[in-house]
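Heads up, the thing below is written out as structure tokens.
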Amino acid sequence: MKFAVKAWSSGRARAGVLQLGSCPSPIETPALLLSTRKGLPPFIPPDLLPSLPSPDSHLLHVSSLHFLEGISPQTISDIGGLHKMLGLPGHTPCGRSLVKPVEYVELISSLRPNIWASLADEVPAWVSDKRNKTSVDRTIRWLDECIQLNRAVGSVFGSVVGGSSVQERERCAQEVASRSVSGYWIGGFGLGESMDERPALLNAVTDILEEEKPRLVSGLGLPEEVLQGVSAGIDIFDSTYIYHLTLGGFALTFPLDGVETYVSAFQLTNIGSDQTKINLRATIYRKDTSPIVENCNCYTCQNHTKAYINHLLNVHEMLAQILLEIHNTHHYLGFFRSVREAIKSGNFEQFRLKFSGSKRYHLASEAAVACM
Amino acid sequence: MALRFEVLGRFNRARAAQLTLPHFVCQTPLFMPVGTQGTIKGLATDQLEEIGCQIILGNTYHLALRPTSELIDEMGGIHKFMNWPRAMLTDSGGFQMVSLLHLADITEKGVTFQSPVDGKPMLLTPEESIQIQNRIGADIIMALDDVVKTTITGPRIEEAMYRTLRWIDRCIAAHQRPSEQNLFGIVQGGLDPVLRDICVRGLVERNLPGYAIGGLSGGESKDSFWRVVAQCTAALPEDKPRYVMGVGYPLDIVVCSALGADMYDCVYPTRTARFGTALIPEGVLKLKHKAMAEDTRPIDPTCACMVCKNYTRAYIHCLVTKDAMGSQLLSYHNLYYMLKLSRDLHSSIIQGTFPEFVCNFLHTMFPKGDVPEWVCNAMEVAGIDISSCCTPFSSSQDLD
């Protein structure tokens, strides 16, 4: 694995390039680590994966937890590791989960991911200081064990925890940074801390970590959260956001050109739509023959209408999830591309303000409508 | 008539043909995957084209409920609605009512049933079935027939057959788009050769674009099943497609094709996939079985499909019945298998190697030579010599 930061914007935000052995071309960061079920992106047929942006879609997040049952490490090893088992030679799985270090490293050795994270003891924001301190101690101890047990397979990312304590975050970051790791996995976010306290926690960590190593954060998935992470200097995001959107019948629709203001044609819907997404279960889409997003070149938008997806959702057909997951993945990868472009052109802060601004504008107009 | 049917090759009763429909030029024999609600469960339309699907079957009953035929019509028809450029066939809706609804009652007017929406009694007449199918817009539409279980005997069978004949005239009269949609009549008559004969003759007199053999796959014995098919295919016109409804298993399709049938449909390949079973030349492979957990071979090492090229039985084993991807991958493989079987039937008939194909098929499925007796009898009528893969019955018990 090779990593290099290529551009900075607005202080900590950075754009870089990640090179991995099995990936055909370098992956640009900030990047999205696609979530998977047992190694494959949920619902997306493997033969339609190539229709997603490449190489952006090649970074897969494989949870080794999914393989604790059903298939043995020996069998995975016999098949030839994850890449072979998943039929994705050019893809880049990264793994982590919660088991004992010995079992974990055994599983990692059979999976042979490109990147794997050491075990972490993640705790929610509301635990006691004592428990939080224990989680940091334990995570560091496990990192030492993982490094000792295995040096052969892939690149190890050291796990950084510390809950919502700036001191513990700093202590953990310092300990991990002093060890031999290829990058950092930052956990313990999205576990009850408020949006407002997050920048200080993230910055406390990223200020300590070595600049030339990639930083992956877990638990920050919403677009606003991603922007928050990027502002703090995060490079890679793991996220089940898309999967949950899909399960809820949502499709992402926010404009990908973040600098453009989005004032026209906001639609009034009764269920949970805002300016970033629409709910295709809504009856207004029953006869809507347009694609989810005009000019979107994903498989779904090139082939199917909102009316059809609305029907598929109504009758509980699996194709609804297939089509939504394809569109949402495509769209979210496009969002990451816009973020990278904004950083490279030195406009990240502007991009971020426009993004949250257009959303606030919409919420305000929605509130105004609700008052009428 | 909105189709052309051109026989390209024959072997005795078996035929390979080109069936030109408004949306696609099909090669027969062909298998039609069932896409009940305007989608084949778990597969994208691009994937269906990729694996060689020619006609998708849609269920009128389900589509009329949701999204409704009016909406499909407004959206420009079923092809446009689901973005399927190739051919479609819709059934009449009658079969689903009788099989899915407890309180369906058939009278001369039509099928009376309780609405699944509000429980009110509703009536589906032959006219209405055709109007709905005209709005949906499939390449082939089916006449409303009076369906009775083949296991029933007595005067009800005769009544249903004569009613089916009376209803075909109402269907023909109601059909508004004969130059864009082909109305197929359905031969009824249970297991009674006399009734089947009357029905075939009655329908043939109407000179329809194609004919279906209905009322089978309802629990009758295999011996009765093939005899009905053999009788009907022999009596139906040479220059029209013949569709055996609700069939079926790969073996049934091979037998019916040998007897001169052209089209088939069945939910079996996709339904069984969702339960974790793969179709293979040897028969079936149950991916849920513990033995699969460590099996690093593909589902079928001789299969060239995307799933068999990329995945092991062990990996599919850990997906099946737990993850959507398990259904998706197995449905893909199973439909690939059925469509490949259709292509092999077509090309072997054209190339004059049909008996060899049948023998290889049977030999792989019954390596011990224990080909079921009904298959042997049907093949004898079809004029296919399968003695090379068949153990004589007198000695089959000794071998076991």
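Quick mapping for you: the protein sequence lines, in order, are chains A and B. Per full-length UniProt numbering, residue 1 is the first one in the first sequence, and the count goes up by one each step. Per full-length UniProt numbering, residue 1 is the first one in the second sequence, and the count goes up by one each step. Backbone N, C-alpha and C fix where the C-beta goes; we use that ideal spot for every residue, glycine too. All figures in this text were calculated on a predicted structure; none of them were measured in a lab.
One or two residues paired with His346/B in a DSSP bridge: Checking the DSSP bridge columns, you'll see His346/B has no partner listed.
By a C-beta neighbour count over all protein chains shown, 10 Å radius and 16 as the cutoff for buried, is Gly352/B buried or exposed? The C-beta of Gly352/B has fewer than 16 other C-beta atoms within 10 Å across all chains shown, which makes the residue exposed.
Ignore the nearest five residues each way along the sequence and tell me which others in Ser388/B's own chain have a CB closer than 7 Å to its CB. Around Ser388/B: Cys359.
So, is Trp226/B buried or exposed, given that buried needs 16 or more other C-beta atoms within 10 angstroms? Trp226/B sits buried, since 16 or more C-beta atoms from the chains shown fall within 10 Å of its C-beta.
Please list the terminal residues of the continuous alpha helix (DSSP H) segment that includes Gln54/B. Run containing Gln54/B: none; DSSP gives neither H nor E here.
Give the C-beta separation of Gly188/A and Val123/A to the nearest angstrom, bearing in mind that I take them to be a contact with Cβ-Cβ under 8 Å. A Cβ-Cβ separation of about 7 Å places Gly188/A in contact with Val123/A under the 8 Å criterion.
So for Ser221/B, helix, strand or coil by DSSP? When DSSP states are grouped into helix, strand and coil, Ser221/B belongs to the coil group.
Quick check on the DSSP output: the beta strand (DSSP E) that includes Ser157/A runs from which residue to which? The displayed chain sequence assigns Phe, not Ser, to residue 157/A. Where Phe157/A is concerned, the enclosing beta strand (DSSP E) starts and stops at Ser155 to Val160.
Please list the terminal residues of the continuous alpha helix (DSSP H) segment that includes Thr164/B. Start and end: Pro155 to Ala174.
Residues in the same chain with beta-carbon distance under 7 Å from Ser179/B, minus the five sequence neighbours each way, listed in chain order, please. Within the same chain, Ser179/B has close Cβ partners Ala2.
Please report how far the alpha carbon of Leu129/A lies from the alpha carbon of Ser165/A, in whole angstroms. The sequence shown places Asp at residue 129/A, not Leu. Whole-angstrom Cα-Cα distance: 8 Å.
Mapping the DSSP letters down to three states, classify Leu52/A as helix, strand or coil. Per DSSP, reduced to three states, the secondary structure at Leu52/A is coil, with no helix or strand assignment.
In or out: Gln74/A buried (at least 16 other Cβ within 10 Å) or exposed? Looking at its Cβ environment, which holds fewer than 16 other Cβ atoms inside 10 Å, Gln74/A is exposed.
Our contact map puts Ala342/A next to Phe348/A with C-beta atoms below 8 Å; I'd like the distance itself, whole angstroms only. Taking the Cβ atoms as the reference, Ala342/A lies roughly 5 Å from Phe348/A, within the contact range of under 8 Å.
From this set, Ser155/A, Tyr184/A, Val156/A and Asn314/A, which residue's C-alpha is nearest Arg169/A's C-alpha? Cα-wise, what sits closest to Arg169/A is Tyr184/A.
For Ile56/B versus Trp84/B, is the C-beta spacing smaller than 7 Å? Yes.
Please specify which runs of the alpha helix (DSSP H), each continuous and at least 4 residues long, are wholly inside the region 177–236 of chain A, giving them in chain order. Runs of the alpha helix (DSSP H) lying entirely within the region 177–236 of chain A, each at least 4 residues long, are 198–206 and 223–231 in chain order.
The region 166–184 of chain B / the region 137–145 of chain B touching (three or more Cβ pairs under 8 Å): Three or more beta-carbon pairs separated by less than 8 Å link the region 166–184 of chain B to the region 137–145 of chain B, which places the two stretches in contact.
Should Met85/A be flagged as near chain B, meaning a C-beta pair shorter than 7 Å? It does; some Cβ of chain B falls within 7 Å.
Taking only beta carbons into account, state which residues of the region 69–83 of chain B come closer than 7 Å to chain A, listed in chain order. Taking 7 Å as the cut-off between beta carbons, the residues of the region 69–83 of chain B near chain A are Leu71, Glu74, Met75, Phe81, Met82 and Asn83, in sequence order.
Are the C-beta atoms of Asp323/B and some chain A residue less than 7 Å apart? Asp323/B has a beta carbon lying within less than 7 Å of a beta carbon in chain A.
Out of curiosity, what's the CA-to-CA distance linking Leu103/B and Val284/B? Rounded to the nearest whole angstrom, the CA to CA distance from Leu103/B to Val284/B is 36 Å.
Buried or exposed: Asn295/A, going by 16 or more other Cβ atoms within 10 Å of its Cβ? With fewer than 16 other Cβ atoms within 10 Å, it is exposed.
Going by DSSP, which residues form a beta bridge with Tyr243/B? Secondary-structure assignment with DSSP links Tyr243/B through a beta bridge to Ala212/B and Met263/B.
At least 3 beta-carbon pairs within less than 8 Å: the region 204–215 of chain B vs the region 146–163 of chain B: By the criterion of at least three beta-carbon pairs nearer than 8 Å, the region 204–215 of chain B is in contact with the region 146–163 of chain B.
Segment contact, 8 Å Cβ cut-off, at least three pairs: the region 330–347 of chain B with the region 285–303 of chain B: Contact between the region 330–347 of chain B and the region 285–303 of chain B is present: 3 or more CB-CB pairs across the two stretches fall below 8 Å.
Would you verify that the beta carbon of Ile108/A is, or is not, closer than 7 Å to some beta carbon of chain B? Answer no: the Cβ-Cβ gap between Ile108/A and chain B never drops below 7 Å.
Output needed for Ser218/A: all residues of its chain with C-beta closer than 6 Å, excluding positions within five of it in sequence on either side, in chain order. Excluding positions up to five away in sequence, the list reads Gly187 and Asp238.
Between Lys277/A and the rest of its own chain, which residues show a CB-CB distance below 7 Å, the 5 nearest in sequence each way excluded? Hits under 7 Å: Leu245, Phe250, Ala251, Leu252 and Thr253.
Could you check which residue in Leu143/A, Ser194/A, Leu149/A and Glu212/A has the C-alpha nearest to that of Val5/A? Checked all of Leu143/A, Ser194/A, Leu149/A and Glu212/A; the closest Cα to Val5/A is Glu212/A.
Would the region 106–123 of chain A and the region 75–84 of chain A be scored as touching if the rule is three or more Cβ pairs under 8 Å? The region 106–123 of chain A vs the region 75–84 of chain A: in contact.
Determine the extent of the alpha helix (DSSP H) in which Lys130/A is found, giving its start and end residues. Going by DSSP, Lys130/A is part of the alpha helix (DSSP H) stretching over Asp129 to Leu149.
Counting only Cβ pairs nearer than 7 Å, list the residues of chain A close to Gln37/B. Correct list: Val315 and Glu317.
Is the Cβ-Cβ distance between Ser159/A and Ser118/A less than 7 Å? Yes.
Quick one, are the C-beta atoms of Thr164/B and Gln188/B less than 7 Å apart? For Thr164/B and Gln188/B, yes; Cβs fall inside 7 Å.
Hey, how far is the Cα of Ile292/A from the Cα of Phe354/B? Using only the alpha carbons, I get a separation of about 49 Å.
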